[in-house]
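In order, the protein sequences belong to chains E and W.
Using numbering that gives the first Met the number 0, you'd call the opening residue of the first sequence number 0 and step up by one each time.
Using numbering that gives the first Met the number 0, you'd call the opening residue of the second sequence number 0 and step up by one each time.
Every residue, glycine too, gets a C-beta built ideally from N, C-alpha and C.
Computed from a predicted structure; not experimentally measured.
Working notes, structure below.
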Amino acid sequence: MSGSPPVITSISTDKASYAKGALVTVTISYQPGSSDETVVLTGTATDKTTGLSGQLTVSFVVAGTIVDQCSASVADSGNRTWAKVSDTGGVAVFTALA
Amino acid sequence: MSVATLTGTVTDRATGLLATRTTRFTVTWPPPVFGMNYDVDAGLGGVASALGTRPLRAAKFFNNGMPGTYPGHQLPASVTMPLASVKPGLPMSALDQATLAGLARQAAQLTALRPMLTLWQEGENKGFTPAVLKGAHALAYKIVKAAAPSVRYGQCLMTWSASGHTSFGPLSDWVATQANGQPLDWYGFDTYPNSPSTGPGVVLDRALAELKSVVPNPVIAITECNYTTDLTGGITYTADSQAHWFRDAWTWAVAHGCITFICYFYSPHGVPWPPVPATMTELTAIARASGL
C-alpha cells in the first residue's frame with residue numbers, strides 16, 4: 000500500500016526553560032498521512048433478447064483519498080516518562096516532569 | 000542546567016510511514032546544598048567558621064540502631080536539610096517499623112526543614128543480600144510516606160560498588176525502589192576514589208550509569224565525598240590535588256542536579272578536618288557557590 004506520510008507541522012513546549020520537577024507540556028500539531036484508494040470499475044453489457052450478459056472490470060487508483068489513523072508519541076534525551084493528555088487526530092498533547 | 004532534546008513522532012497506522020520533528024528545552028535547578036557529616040572533627044559550627052561562610056545547611060547523621068528522636072543527634076538550627084541514617088534489624092521488626100514511622104512524623108513536624116531519611120546507608124557491604132536490603136527500603140519507603148509524606152526517603156549508595164573492584168558489586172544489584180518499581184525520593188552517592196588515578200567524574204559517571212539502569216530518571220545527591228577513602232590504608236586520589244578532587248566533584252554535582260553536596264571529614268576514619276589550605280580554599284568557594 001502506498002500513500003503519503005504524516006507531516007508534523009510543529010512541536011513546541013509551553014516554556015523554554017523549567018525548574019527541575021516542574022510540569023512540561025508538549026504540543027504536536029500534525030497532518031495525518033493518507034492512503035491511496037483503489038477503485039474497481041465494472042462494465043456490464045446485457046443482451047436484451049436473451050438476458051445474457053458479459054462483464055469486464057478495470058481498476059484504477061485515486062491517490063491520497065483515505066485519511067489514515069495516526070499515533071503520536073514523544074521521547075526525550077533525559078528518558079522522561081511522557082503521558083499523553085489528548086490527541087484530536089491533528090493535535091496531540093503530552094506532559095512529563097522536568 | 001541541562002538541555003533536553005525532545006523528539007515527536009507521528010506514525011501512520013495503515014502505511015507505517017512516520018514523521019519526526021525535534022525541539023529542545025532546558026531544565027534548571029538550584030545548586031546542591033553544601034554540608035558535612037554531623038560528627039566532623041570541628042563540629043558543624045567550627046567548619047563554617049574555618050571556611051568563613053554562613054553556617055552549613057545540610058548534614059548527614061549516622062545512627063547505630065534506631066534513635067528515639069529525629070535525626071538522632073543534636074540538630075543545629077542552621078541545618079535545614081538533615082539526612083538521617085538509621086539501622087533497624089533486618090527484616091524489620093514490628094517495633095522498628097513503628098519507631099521508623101515515629102521518626103518520620105517527628106521529622107515532618109520540623110516544618111522549616113526538608114528532612115531526608117534512609118536506613119542502612121552504604122548497605123551494600125553490611126552482610127545483607129540485595130533482596131533483603133532492597134525489600135527493607137521498599138517497606139521503609141511505604142512506612143515513611145504513610146506516616147509523613149513530606150519526608151524524603153532515599154538510599155545512600157557507595158560509588159565504590161560501581162568500581163568493578165568489589166566482591167559485592169555491581170551497584171545496580173543494590174538499587175532499591177518502591178514496591179511497585181517506582182523510584183525512591185532520592186539516591187545518594189558516597190563518593191571516594193576507585194583508584195589513585197580515578198577522578199570523581201569517572202567515579203560518579205559509573206555509579207550514575209548503574210543507577211540509571213534501574214531508575215532511568217533519579218533524583219541524586221552527593222551524600223559523602225572525600226579524596227581519600229575513610230579507611231586507614233585505603234585509596235587516596237593522587238593524580239591531581241585534593242582541591243581539584245572537590246572542585247571536579249562539585250562541578251559534576253552541579254551539572255547533574257544533585258540536591259546535596261555533603262563532604263566527609265572525620266579523624267578516626269583517616270580523613271581529618273581541617274584539610275590542607277588549598278583544599279580549604281576550594282571548599283570555601285564551593286560553600287559560597289552553594290549559597291552559604
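Quiz item: Does any C-beta atom of chain A lie closer than 8 angstroms to the C-beta of residue 54 (chain E)?
Solution: Reference to chain A is not applicable here, since the protein chains of this structure are E and W.
Exercise. Anything in chain E within Cβ reach of residue 24 (chain W), meaning under 8 angstroms, just list it in chain order.
Key: One finds 12, 14, 15, 16, 17, 23, 97 in chain E with Cβ atoms closer than 8 angstroms to the Cβ of residue 24 (chain W), taken in chain order.
Self-check item: Proximal residues to residue 34 (chain E) (C-beta, below 7 angstroms), its chain only, five neighbours per side dropped
Solution: Here residue 34 (chain E) has 0, 2, 65, 67 as same chain residues with Cβ atoms under 7 angstroms from its own Cβ, once five neighbours each way along the sequence are excluded.
Quiz item: Does any C-beta atom of chain W lie closer than 8 angstroms to the C-beta of residue 6 (chain E)?
Solution: When Cβ-Cβ separations below 8 angstroms define contact, residue 6 (chain E) makes contact with chain W.
Quiz item: Interface residues of chain W around residue 34 (chain E) at Cβ under 9 angstroms?
Solution: Neighbours of residue 34 (chain E) on chain W, chain order: 11, 13, 14.
Self-check item: Where the stretch 71-88 of chain E meets chain W: residues whose CB sits under 8 angstroms from a CB there
Solution: For the stretch 71-88 of chain E, the set of positions with a beta-carbon nearer than 8 angstroms to some beta-carbon of chain W reads 71, 72, 73, 74, 75, 76, 77, 78, 79, 80 in chain order.
Exercise. List the residues of chain E that residue 111 (chain W) touches, going by C-beta distances under 7 angstroms, in chain order.
Key: Correct list: empty, because the minimum Cβ distance to chain E is about 20 angstroms.
Quiz item: List, in order along the chain, the chain W residues whose C-beta lies closer than 9 angstroms to that of residue 50 (chain E)?
Solution: Within 9 angstroms of the CB of residue 50 (chain E), no CB atom of chain W is found; the nearest one sits about 42 angstroms away.
Quiz item: Whole beta strand (DSSP E) runs in the stretch 77-157 of chain W with 3 or more residues, listed along the chain?
Solution: Here the runs fully enclosed are 80-85, 115-118, 151-157.
Exercise. Taking residue 219 (chain W) as part of the alpha helix (DSSP H), name the residues at either end of that continuous run.
Key: Not the alpha helix (DSSP H): residue 219 (chain W) falls in the beta strand (DSSP E), residues 219-224.
Quiz prompt | Integer-rounded CB distance, given that residue 202 (chain W) should sit under 8 angstroms from residue 217 (chain W) | solution = The C-beta distance from residue 217 (chain W) to residue 202 (chain W) rounds to 17 angstroms, too long to meet the 8 angstroms contact threshold.
Practice problem: Whole angstroms is fine: what's the gap from residue 94 (chain E)'s alpha carbon to residue 85 (chain E)'s? | Solution: Cα to Cα, the separation comes out at about 10 angstroms.
Quiz item: Using a Cβ-Cβ distance under 8 angstroms, would residue 67 (chain E) count as near chain W?
Solution: At least one chain W Cβ lies under 8 angstroms of residue 67 (chain E).
Quiz prompt | Expected contact under 8 angstroms - CB spacing of residue 273 (chain W) and residue 49 (chain W) to nearest Å | solution = Taking 8 angstroms as the upper bound for CB-CB distance, residue 273 (chain W) and residue 49 (chain W) are in contact here, some 6 angstroms apart.
Practice problem: Using only alpha-carbon positions, find the residue among W:145, W:101, W:204, W:20 that is nearest to residue 6 (chain E). | Solution: For residue 6 (chain E), the closest of W:145, W:101, W:204, W:20 by C-alpha to C-alpha distance is W:20.
Self-check item: Sufficient close CB pairs (3 or more, under 8 angstroms) joining the stretch 31-39 of chain W to the stretch 18-38 of chain E
Solution: No, because fewer than three Cβ pairs between the stretch 31-39 of chain W and the stretch 18-38 of chain E fall closer than 8 angstroms, the two stretches do not touch.
Exercise. Note the first and the last residue of the continuous beta strand (DSSP E) segment covering residue 245 (chain W).
Key: Where residue 245 (chain W) is concerned, there is no enclosing beta strand (DSSP E), although the alpha helix (DSSP H) it sits in stretches over 241-254.
Practice problem: Would you list, in sequence order, the uninterrupted alpha helix (DSSP H) runs of no fewer than 4 residues that lie entirely inside the stretch 7-74 of chain W? | Solution: Whole alpha helix (DSSP H) segments, 4+ residues: 42-50.
Exercise. State yes or no: is the beta carbon of residue 216 (chain W) nearer than 8 angstroms to at least one beta carbon in chain E?
Key: Residue 216 (chain W) has a beta carbon lying within less than 8 angstroms of a beta carbon in chain E.
Quiz item: Expressed to the nearest angstrom, what Euclidean distance is found between the alpha-carbon atoms of residue 28 (chain E) and residue 10 (chain W)?
Solution: Note on geometry: alpha-carbon atoms of residue 28 (chain E) and residue 10 (chain W) lie some 13 angstroms from one another.
Quiz prompt | N-terminal and C-terminal residue of the alpha helix (DSSP H) that residue 63 (chain E) is part of | solution = That residue, residue 63 (chain E), is in no alpha helix (DSSP H); its beta strand (DSSP E) goes 52-66.
Quiz item: What whole-angstrom Cβ distance do residue 73 (chain E) and residue 7 (chain W) have, given they're in contact under 8 angstroms?
Solution: About 5 angstroms separates the two Cβ atoms, so the contact holds.
Practice problem: For residue 2 (chain E), return the contacting residues in chain W, with the cut-off set at a CB-CB distance below 8 angstroms. | Solution: Result: 11, 13, 14, 16.
Quiz item: When DSSP builds the beta bridges, which residues end up paired with residue 33 (chain E)?
Solution: Residue 33 (chain E) is bridged to E:3, E:66.
Practice problem: Could you name the residues of chain E that residue 203 (chain W) contacts, counting a contact when the two beta carbons are closer than 9 angstroms? | Solution: Simply none; closest approach about 17 angstroms.
Practice problem: Pull up the distance between the alpha-carbon of residue 111 (chain W) and that of residue 76 (chain W), whole angstroms please. | Solution: The alpha-carbon separation between residue 111 (chain W) and residue 76 (chain W) amounts to approximately 10 angstroms.
Quiz prompt | 8 angstroms contact criterion, which residue 53 (chain W) and residue 291 (chain W) should meet: CB distance rounded | solution = With 8 angstroms as the limit, residue 53 (chain W) and residue 291 (chain W) qualify as a contact, their Cβ atoms being about 4 angstroms apart.
Quiz item: Does the count of Cβ pairs from the stretch 77-88 of chain W and the stretch 111-121 of chain W closer than 8 angstroms reach three?
Solution: Between the stretch 77-88 of chain W and the stretch 111-121 of chain W, the count of Cβ pairs shorter than 8 angstroms is three or higher; the stretches touch.
Self-check item: Three-pair Cβ contact test at 8 angstroms for the stretch 218-225 of chain W versus the stretch 51-63 of chain E
Solution: A contact between stretches requires three or more CB pairs, one per stretch, nearer than 8 angstroms, and the stretch 218-225 of chain W fails this requirement with the stretch 51-63 of chain E.
Practice problem: For the stretch 45-53 of chain E and the stretch 77-84 of chain E, state whether three or more C-beta atom pairs, one from each stretch, are separated by less than 8 angstroms. | Solution: Judged by Cβ distances under 8 angstroms, the stretch 45-53 of chain E makes no contact with the stretch 77-84 of chain E, as fewer than three pairs qualify.
Quiz item: residue 262 (chain W) bridges to which residues according to DSSP?
Solution: When DSSP reads this structure, residue 262 (chain W) sits in a beta bridge with W:35.
Quiz prompt | 8 angstroms contact criterion, which residue 170 (chain W) and residue 209 (chain W) should meet: CB distance rounded | solution = About 4 angstroms; that satisfies the 8 angstroms criterion.
Quiz item: Just checking my contact of residue 298 (chain W) with residue 177 (chain W) at CB under 8 angstroms: how many whole Å lie between their CB atoms?
Solution: No information on residue 298 (chain W) is available, as it lies outside the stretch 0 to 291 that chain W covers here.
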